[in-house]
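Note sheet for the following structure.
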Amino acid sequence: MYLTSEQSPSDLKSIIQRLYNEGISEPLSENLLIEPLPDLRELEIWSRIILGEKRVAEYSGIKLVVIDSVQAGGVSPAARKMYTRVNKFTTALKNRKITTFLTSHVTKKGDIAGPKDLEHHVDCVLQFRRAFKLRPLFVPKNRFGPAKLDPFVLEIGNNGLYPSRHAEGIVGKANGISFATGAFAEIQARVEIPKWGEHGGVRAPYLPRQRIEQLIDTIRNIPNIDVSNLTYNIDCLMRSSPHKQYDHGFDLAVVIALLSSYVQKGINEGCCFYGEVDLQGAVRSASAFKEAAHLKEILEIDEEEDDEAVQLRGFYPVPNILSDTLTTELKKFDTLYVPEEIAKDMASLLDLFGFDVKCKGVSSVYNLIQELWPEIL
Numbered sequence: 004m005y006l007t008s009e010q011s012p013s014d015l016k017s018i019i020q021r022l023y024n025e026g027i028s029e030p031l032s033e034n035l036l037i038e039p040l041p042d043l044r045e046l047e048i049w050s051r052i053i054l055g056e057k058r059v060a061e062y063s064g065i066k067l068v069v070i071d072s073v074q075a076g077g078v079s080p081a082a083r084k085m086y087t088r089v090n091k092f093t094t095a096l097k098n099r100k101i102t103t104f105l106t107s108h109v110t111k112k113g114d115i116a117g118p119k120d121l122e123h124h125v126d127c128v129l130q131f132r133r134a135f136k137l138r139p140l141f142v143p144k145n146r147f148g149p150a151k152l153d154p155f156v157l158e159i160g161n162n163g164l165y166p167s168r169h170a171e172g173i174v175g176k177a178n179g180i181s182f183a184t185g186a187f188a189e190i191q192a193r194v195e196i197p198k199w200g201e202h203g204g205v206r207a208p209y210l211p212r213q214r215i216e217q218l219i220d221t222i223r224n225i226p227n228i229d230v231s232n233l234t235y236n237i238d239c240l241m242r243s244s245p246h247k248q249y250d251h252g253f254d255l256a257v258v259i260a261l262l263s264s265y266v267q268k269g270i271n272e273g274c275c276f277y278g279e280v281d282l283q284g285a286v287r288s289a290s291a292f293k294e295a296a297h298l299k300e301i302l303e304i305d306e307e308e309d310d311e312a313v314q315l316r317g318f319y320p321v322p323n324i325l326s327d328t329l330t331t332e333l334k335k336f337d338t339l340y341v342p343e344e345i346a347k348d349m350a351s352l353l354d355l356f357g358f359d360v361k362c363k364g365v366s367s368v369y370n371l372i373q374e375l376w377p378e379i380l
């Protein structure tokens, strides 16, 4: 018997039909009862129906009861008396050798919502996390065997959950470019789910911690992604540049490297990323390139013009594009992702200087995910 408060019985039946490809087996069809549970107080009524002396024939022989969820009717986590009803109900069923399966909400910290004795009362705790189509599963409590504190990664398919091939964490790599400094960087990131009970954190030596945390907050705002309490290891390797400091132009590469590790999808080595990422996930130019009103004005800058004059005019990127460092590095890539606002001008500029690089405009991190890994959405 499935007691549902989160969805209507008809909605739940539609989901079951979809999972079984519209063909619910006869044993399941004949033996599955779906009933509404608008309030936990009604558990007392169901206890009498299932276990009472005058049992209702329709509900005799029940072997498994699902309560979805123990927060039925919007029960506050502090409402101990309401949760006591759940404990009393499940104990009565257990004494009659009837298994109860409880579903519960979790807090932002990943704890089960409700008083702690609710967790103590059950024999086993199964907890999922969410990462697009991935559902890492933990078993922090198990009276019948060892607990599983390392994540067992499952994946959502058309017919339910199945073991994912992405069981081990991978290192996400993304190439970044800064047109403000003319620097290139290889961003390496590993996102890991801590063992149960351990706390996540950010390990990013020599990188601005507050900026990295802001970028992680941006990822947190992407729909269908749960990045709370994870461990983020980030390394930024500057290549062929005297500038060793982090620049906001590397933001997009950092975010993509983190997501690559998180969703366990690689990035084409021929791709390079440039752009500053704001708190809403929008991608914008991090240099004075956008200040140029007309491409012609940029292209007519004299290569021998001194740096001070160029800076006064606000056109930083052009001298950098003409540098040997940038020329050498850009030739390694076939696709450059840049903010949408400068994509057209940047493509013309690269073409003028003979770079065989495809320039693609990006308006937001979410749109770039759709471009790189459409299958995970």
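Position 19 of the sequence shown, counting from 1, maps to 22 under this note's numbering, and the rest follow consecutively.
Glycine is no exception: its CB is placed at the ideal position from the N, C-alpha and C atoms.
Q. So what does DSSP say about residue 317, is it helix, strand or coil?
A. Low per-residue confidence applies at residue 317: pLDDT is 43, beneath 50, and the placement is therefore not dependable enough to give any value.
Q: Count the other CB atoms, across all protein chains shown, that sit within 10 Å of the CB of residue 372; report buried if there are 16 or more and exposed otherwise.
A: buried
Q: State the Cα-Cα distance for the pair residue 106 and residue 271, rounded to the nearest angstrom.
A: 40 angstroms
Q. Whose C-beta lies closer than 7 angstroms to the C-beta of residue 154 among residues of the same chain, with five residues either side of it excluded?
A. 139, 140, 141 and 196
Q | heavy atom of the ligand PLP below 7 angstroms from residue 263 C-beta | A | The ligand PLP is not part of this structure, which contains no ligands at all.
Q | Beta-carbon gap between residue 286 and residue 342 smaller than 8 angstroms | A | yes
(Q) Suppose the cutoff is 7 angstroms on Cβ atoms and the five residues either side in sequence are ignored; what does the same chain contact list for residue 217 look like? (A) 282
Q: Report, in whole angstroms, the separation of the C-beta atoms of residue 156 and residue 137, which I expect to be a contact under 8 angstroms.
A: 6 angstroms
Q) residue 199 to residue 362, Cα distance in whole Å? A) 43 angstroms
Q | Secondary structure, beta strand (DSSP E): runs of 3+ residues fully inside the region 76–112 | A | 102–106
Q. Where residue 19 and residue 27 are concerned, what is the direct C-alpha to C-alpha distance, given to the nearest angstrom?
A. 8 angstroms
Q: Flag this pair as touching only if the region 252–268 and the region 175–192 have three or more C-beta atom pairs under 8 angstroms; answer yes or no.
A: yes
(Q) Taking the straight line between their C-alpha atoms, what separation do you get for residue 203 and residue 235? (A) 8 angstroms
Q: Report back the beta-carbon spacing between residue 71 and residue 158 to the nearest angstrom; my notes put them in contact at under 8 angstroms.
A: Not a contact, Cβ separation roughly 22 angstroms.
(Q) Per DSSP, what are the beta-bridge partners of residue 191 in this structure? (A) 176 and 238
Q.
Determine whether the beta carbon atoms of residue 278 and residue 288 lie at a separation below 8 angstroms.
A. yes
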